[in-house]
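First the structure, in the form of structure tokens, and then the observations on it.
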Amino acid sequence: MYNHNKIEKKWQKYWKENDTFAFVDDHNKPKFYILDMFPYPSGKGIHVGHLKGYVPTDVISRYHRLNGYNVLHPMGWDAFGLPAEQYALDTNNHPNEFTQKNIEVFRKQLQSVGFDYDYKKEVDTTSPDFYKWTQWIFVQLYKHNLAEIQEIDVNWCEKLGTVLSNEEVLVDANGNRVSERGSHPVVKKPMKQWVLKIVDYADKLLEGLNDIDFPESIKLLQTNWIGKSEGVNLDFKVADQDLNLTVFTTRIDTIYAVSYLVISPEHPLVASLTKQEYKEAVEQYVSKAKLSSDLDRIAKVDKTGVFSGSYVINPFTKELIPVWISDYVLMSFATGIVMGAPAHDERDFAFASKYNLAIKSIIQTNQPLPYLNDGKHINSELINGLNIADSIAKLSAYIVENNLGKVTQNYKLRNWIFSRQRYWGEPFPVLFNEQNEIAIIEDLPVQLPDLDDFKPSGTGESPLANATEWLYVMIDNKKYRRETNTMPQWAGSSWYFLAYILKNRDGTYTPLNSAEAYDRFSRWMPVDLYIGGQEHAVLHLLYSRFWYQFLYDIKAVPNKEPFFKVINQGMILAANNEKMSKSKGNVINPDDLVQSHGADALRLYMVFMGPITATLPWNNDGIDGMRKWLDRVHRLYMNLNDLKVVDNVDQLDQEIIYAYHKLIHNYKKAMKEYALNIAISEMMVFINVMYKHKVVNYELLDNFLILLSCFSPHLAEELYSINHNTSVCLATFPSYDESKLQLDTVTIPIQINGKLKHTINVQRDLDQEQLLKLVLEDEVIKNIINNQPIKKQVVVINKIVNLVI
1 MYNHNKIEKK
11 WQKYWKENDT
21 FAFVDDHNKP
31 KFYILDMFPY
41 PSGKGIHVGH
51 LKGYVPTDVI
61 SRYHRLNGYN
71 VLHPMGWDAF
81 GLPAEQYALD
91 TNNHPNEFTQ
101 KNIEVFRKQL
111 QSVGFDYDYK
121 KEVDTTSPDF
131 YKWTQWIFVQ
141 LYKHNLAEIQ
151 EIDVNWCEKL
161 GTVLSNEEVL
171 VDANGNRVSE
181 RGSHPVVKKP
191 MKQWVLKIVD
201 YADKLLEGLN
211 DIDFPESIKL
221 LQTNWIGKSE
231 GVNLDFKVAD
241 QDLNLTVFTT
251 RIDTIYAVSY
261 LVISPEHPLV
271 ASLTKQEYKE
281 AVEQYVSKAK
291 LSSDLDRIAK
301 VDKTGVFSGS
311 YVINPFTKEL
321 IPVWISDYVL
331 MSFATGIVMG
341 APAHDERDFA
351 FASKYNLAIK
361 SIIQTNQPLP
371 YLNDGKHINS
381 ELINGLNIAD
391 SIAKLSAYIV
401 ENNLGKVTQN
411 YKLRNWIFSR
421 QRYWGEPFPV
431 LFNEQNEIAI
441 IEDLPVQLPD
451 LDDFKPSGTG
461 ESPLANATEW
471 LYVMIDNKKY
481 RRETNTMPQW
491 AGSSWYFLAY
501 ILKNRDGTYT
511 PLNSAEAYDR
521 FSRWMPVDLY
531 IGGQEHAVLH
541 LLYSRFWYQF
551 LYDIKAVPNK
561 EPFFKVINQG
571 MILAANNEKM
581 SKSKGNVINP
591 DDLVQSHGAD
601 ALRLYMVFMG
611 PITATLPWNN
621 DGIDGMRKWL
631 DRVHRLYMNL
641 NDLKVVDNVD
651 QLDQEIIYAY
661 HKLIHNYKKA
671 MKEYALNIAI
681 SEMMVFINVM
691 YKHKVVNYEL
701 LDNFLILLSC
711 FSPHLAEELY
721 SINHNTSVCL
731 ATFPSYDESK
741 LQLDTVTIPI
751 QINGKLKHTI
761 NVQRDLDQEQ
771 LLKLVLEDEV
781 IKNIINNQPI
791 KKQVVVINKI
801 VNLVI
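Residue numbering for the sequence shown follows UniProt numbering, starting at 1 and increasing by one per position.
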């Protein structure tokens, strides 16, 4: 057993001292930009789940280097945000201090596994040199009317002292809304917030999915999240008021079936519509509705509501229609008012049945209601006899021509709440004068001040409101107050892939808005391969695509999409198929495995256990097996004196030559398909052949190490150094000869009456007559047949012979 600790430390030191992985932008080589989703540097360090993605990217990166690509494979730290700040509060540390300590731990762990990162290109979202450009992008968004302050109902967590996005709020076992982090109570609360108008980019985000190689599951998730629907906005006049209610519907053909309208409890017109005798019931209902999340309200099977006392006039039938208030209608979608056509909608049918509202069928059918399928319209003056599609087209045109409304689109996607009432985040480059008017700071970065007390205020204001020396600014004898909210953790991760390109090895950044930056982006974008967890399939990828498409529109980047291909790595489960967690005590620390088995064995196992996308349980026997195989490779190279060394490759046994060319061919094919576990299997087959024949050739042995170096670079370096003075990382990937991918001889199984009895080696491509003659002349077969007549023979060239006696 070789000493992995000694060898791995030796070569890690060599790579560092020789700057082996230093990034040099060589325009004579094709580019390959491969990216890991950068980690939040928690106090827990790296776990094997990180390596499920990081090891494959390193293997693929090394493979492309060997094949002549100019590779950019960077690493950095997503270090701002709520997790870091909450951990600091829980442990009585300052987030800046422990974040930098954690980064050191993460970097050391990554170096111990042997990744080919150029650490002089690493980025840290908490560095002012980095977030200067996060702030710059925000300024551009503001100047293009894509960032504004709005008063909106937000998810407020008193314990965390901040607003949470919808995605950061969960429902616990008791049906209570709680924070994803810490399971603290969450309530709705109106607050002024910075909002980024991502909905303005909804169509571009949908269209862009056609141009990128994302898994279909991600495309579907993003498509559903955006949730585009096309329909009409139709105005209904309130019967006794000078007031219109605008309804959005995708099924305008059901206008003749409408028997009621439903308005969201949060709608600003609820009070105006509510008659005095219904006021108390409405107020109670509205108050109760505010306690539930949008998700809870949509999912609730039993739909509830309360009558407002008002009626509207159907613009087509002139009938009076009651206006109800119900929490199944969300103010966050479309106009916050829907029309109820219970005969042709399951939700409307349930509501109408519960409250004895009229149910009128307008599509011809013998089936029970609600009827949801297509058919000819009846009882519908303008569209009788037409199907749904033709009816929608005709009525939409009619509405526009008669100024009854307009054709429009709506989206489930909500604008991005971009404020956090916390300390540990990017400051907004924004000032307010004494009239509360906004002034943008152009001199960036606006640096986050050092605060000893960064606990949430509990008032809804950020702790930055207490930094009085920082808070107030005098400009031209006028007093300004800084924005005290900070940006969310998503901010830095929405553009960090560009920062790697801008980062220079001296630690500086080329300005994002410079001509040189544009030239670099033209060379390196989009990212060729992006590997990360499924949990980021919607928000991170959507937010970063939004920012990048905006940068394209302002001509800061040369193309529309930031990532060409995305792969979601699977999870590593505990041996019993449970999710790993610290509380269950089943988390596997890679540091322990590097110490006990070696980084090379760990790397091998991380990819050999299955496809990149597979979720698989950990198996200690698996990493044991990988270590044993590496020992087997090591013994082969250490015991060459016991083997026959052949200088001329052509003098090797044909099976060895075939195995060698097949290895390179199949390895390259596996790499192209990102089937890394298959590439390892091919290397194992080749080593078996070498042991079988006990005959070796130095050229083949060296080239095998080049292949091995992608997966187990330390051992490959050690063995390669026996005959070379340069790093195996600088070698050229070997080629294969197509003509050598077939053996001159083949092994033919021989069956008698359908049962395998013998095999013979024969020359490839013999015709049927020649092959049958050799079989019948074989002594073993002659003894089995024993002069019995052959009733039938089946001969498949190069495959099989079957004799029936």
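Ideal Cβ placement from N, Cα and C applies to all residues, glycine included. Values in this document were obtained by computation on a predicted structure and should not be read as measured data.
Alpha carbon of residue i to alpha carbon of residue j, nearest angstrom
i: W77; j: H344; result: 52 Å
i: G425; j: L551; result: 22 Å
i: E483; j: P39; result: 28 Å
i: L730; j: P713; result: 12 Å
i: K31; j: A467; result: 47 Å
i: L532; j: D124; result: What sits at residue 532 in the sequence shown is Gly, not Leu. Each residue's alpha carbon lies about 18 Å from the other.
i: E469; j: F432; result: 16 Å
i: F738; j: Y698; result: Phe is not the amino acid found at residue 738; the sequence shown has Glu there. For E738 and Y698, the distance between alpha carbons rounds to 21 Å.
i: D118; j: K503; result: 11 Å
i: M571; j: H536; result: 13 Å
i: Y496; j: D702; result: 39 Å
i: N70; j: T726; result: 19 Å
i: K668; j: I46; result: 30 Å
i: L630; j: A601; result: 7 Å
Environment of residue i [buried if 16+ CB atoms lie within 10 Å]
i: E168; result: buried
i: E104; result: exposed
i: K52; result: buried
i: G754; result: exposed
i: P445; result: buried
i: M609; result: buried
i: G175; result: exposed
i: L320; result: exposed
i: K132; result: buried
i: D253; result: buried
i: R505; result: exposed
i: A515; result: exposed
i: S735; result: exposed
i: T291; result: Looking at the sequence provided, one finds Leu at residue 291 rather than Thr. So L291 counts as exposed.
i: G598; result: buried
i: D390; result: exposed
i: L160; result: buried
i: T162; result: buried
Three-state secondary structure assigned by DSSP to residue i
i: T57; result: helix
i: H665; result: helix
i: Y552; result: helix
i: G625; result: helix
i: W324; result: strand
i: V232; result: strand
i: residue 806; result: Limits of the chain in this structure are 1 at one end and 805 at the other, which puts residue 806 out of reach.
i: E151; result: strand
i: G76; result: strand
i: Q367; result: coil
i: T124; result: What sits at residue 124 in the sequence shown is Asp, not Thr. DSSP places D124 in strand when its eight states are reduced to three.
i: N589; result: coil
i: W424; result: coil
i: T223; result: helix
i: N568; result: strand
Unbroken alpha helix (DSSP H) run spanning residue i, endpoints
i: P713; result: 713-720
From the options, residue whose alpha carbon lies closest to that of residue i
i: W194; options: L643, D153, N384; result: D153
i: K204; options: I226, D172, P215; result: I226
i: V232; options: G460, T246, L220; result: T246
i: N619; options: R520, F80, N586; result: N586
i: S361; options: H377, Y355, I680, L386; result: H377
i: Q489; options: T459, P449, Y423; result: Y423
i: L542; options: A239, A173, V566; result: V566
i: Q409; options: M487, F333, I388; result: F333
i: S326; options: N93, R177, S287, G161; result: S287
i: Y480; options: A491, N761, I501, P429; result: P429
Where the beta strand (DSSP E) containing residue i begins and where it ends
i: Y33; result: 31-36
i: A731; result: Unbroken run through A731: none, as it is neither H nor E.
i: Y472; result: 472-475
i: Q763; result: 755-763
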